[in-house]
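Trainee: Below is the structure I would like to discuss, written out as structure tokens.
In this note's numbering, the protein residues as written are 206 to 335.
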């Protein structure tokens with residue numbers, strides 16, 4: 206049987222403590238990464254949906270901004286939404302841009318660090334000739 210030397214007593218407790226701290230930090234970092242990616246995916250989806258709403262026949266960029274702001278109520282942090290008309294492939298389109306906080310410490314973060322944009326074609330109703 207192996208005998209423990211006097212100067213190594215308590216080293217298992219210290220090793221457990223340092224291993225636990227390291228594992229906790231890795232898990233917290235992973236959770237933070239998941240929160241950042243979740244926020245980014247939500248913003249991309251909201252921008253796309255707002256661009257589609259603004260592209261409906263008779264709608265304008267103001268409809269896109271209002272729709273995006275109503276959807277952004279579920280996302281933590283501050284966001285700014287802008288919408289404008291543009292041309293994509295020779296067709297009119299609505300472009301929605303969202304600047305939001307990058308969540309660094311839970312819901313608190315760096316303002317304006319996340320930028321997403323989406324575009325949607327403007328619907329047009331053309332008369333069909335018989």
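Just so you know, even glycine gets a beta-carbon here, dropped at the ideal spot from N, CA and C.
1. Determine the closest residue to residue 317 out of 224, 275, 308 and 325, with distance taken between C-alpha atoms.
2. Helix, strand or coil for residue 336, going by three-state DSSP, please let me know.
3. Taking just the CA atoms, how far does residue 303 sit from residue 321?
4. With distances taken from CA atoms, which of 250, 257 and 288 is nearest residue 267?
5. How would you label residue 276, buried or exposed, when you count the other beta carbons within 10 angstroms and need 16 or more for buried?
6. Less than 7 Å between the C-beta atoms of residue 280 and residue 247, yes or no?
7. Taking the DSSP output, what are the residues bridged to residue 214?
8. With a 10 Å radius around its C-beta and 16 neighbouring C-beta atoms as the bar for buried, classify residue 244 as buried or exposed.
9. Report the rounded CA-to-CA distance for residue 223 versus residue 323, giving the unit in angstroms.
10. Spatial neighbours of residue 293 within its chain, please: CB distance less than 8 Å, with the 5 preceding and 5 following residues excluded, ordered by chain position.
11. Answer with buried or exposed for residue 336, where buried requires no fewer than 16 other C-beta atoms within 10 angstroms of its C-beta.
12. Just to confirm, is the Cβ distance from residue 168 to residue 254 under 7 Å?
13. Taking the C-alpha atoms as reference points, what is the distance between residue 262 and residue 297?
Mentor: Checking against the coordinates, here is how it stands:
1. 308
2. Given a span of 206 to 335 for the chain in the structure shown, any question on residue 336 remains unanswerable.
3. 5 Å
4. Comparing Cα-Cα distances from residue 267 to each of 250, 257 and 288, the minimum goes to 288.
5. That one is buried.
6. yes
7. Answer by DSSP bridge pairing: none, since residue 214 is not bridged.
8. buried
9. The alpha-carbon atoms of residue 223 and residue 323 are separated by roughly 46 Å.
10. 324 and 326
11. Past the edges of the chain, shown from 206 to 335, lies residue 336, and the structure says nothing about it.
12. Coverage of the chain is limited to positions 206 through 335, which leaves residue 168 absent and any answer about it impossible.
13. 12 Å
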